[in-house]
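Chemist:
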Amino acid sequence: MEEQKNIESLYKLMINGSRGIKDSKKIYDELEKIFAAHPDFILISGEARGVDSIAEEWAKSRNLPIEQHKPDWAKYGRGAGIIRNKEMILAADFVLIFWDGKSKGTKSVIDFCEKQGKPYKLSQVALMPHENK
Numbered sequence: 248m249e250e251q252k253n254i255e256s257l258y259k260l261m262i263n264g265s266r267g268i269k270d271s272k273k274i275y276d277e278l279e280k281i282f283a284a285h286p287d288f289i290l291i292s293g294e295a296r297g298v299d300s301i302a303e304e305w306a307k308s309r310n311l312p313i314e315q316h317k318p319d320w321a322k323y324g325r326g327a328g329i330i331r332n333k334e335m336i337l338a339a340d341f342v343l344i345f346w347d348g349k350s351k352g353t354k355s356v357i358d359f360c361e362k363q364g365k366p367y368k369l370s371q372v373a374l375m376p377h378e379n380k
């Protein structure tokens, strides 16, 4: 009889990135590398458009569990996104970040990972002029 995995014991990978990044091939390639090392992981996502939604599509195609964290705008106002990101970082074993070099939200994720000593991989992605909106 096959033993079912306890979701709490899975490797927790947080995905984060600038919303304008739409390079699904680059995102998929990085996720595949992590998947090769940790085939049983849970994807932690902030449910934002761009990197988060692309990573969620990839995880669904592999039947991997997804832990979604929506910001609580009603409770925290403008700071909700930053608070949500910090909670996800603290819950993660590793953070995979895609940054356009401009996004302040993504920069705050990098800074908080540094402050917490959280392992992360940063991939800088240049936006094409038509994506920079």
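Okay, so the sequence shown: first residue is 248 according to our numbering, each after it adds one.
Using N, Cα and C, we set each Cβ at its ideal position, and we do this for glycine too.
Model, not experiment: these values are computed from the prediction.
(1) Since W346 sits in a beta bridge, which residues does DSSP pair it with?
(2) Find the nearest neighbour of S373 within the set D340, S256 and K273, judged by alpha-carbon distance.
(3) Run through the DSSP bridge pairs and tell me what L260 is partnered with.
(4) My output table needs one value for I301: the three-state DSSP class, helix, strand or coil.
(5) Under 9 Å between the Cβ atoms of F345 and S370?
(6) Measuring CB atoms only, is the stretch 273 to 285 touching the stretch 319 to 339, in the sense that at least three cross pairs come out at less than 8 Å?
Modeler: Judging by the given coordinates:
(1) Beta bridge pairing from DSSP links W346 with Q371.
(2) Note that residue 373 corresponds to Ala in the displayed sequence, not to Ser. Ranking the options by Cα distance to A373, first place goes to K273.
(3) Paired residue(s): L290 and F341.
(4) The answer is helix: DSSP assigns I301 an H, G or I state.
(5) Yes. Within cutoff.
(6) The stretch 273 to 285 makes no contact with the stretch 319 to 339, as fewer than three CB pairs between them are under 8 Å.
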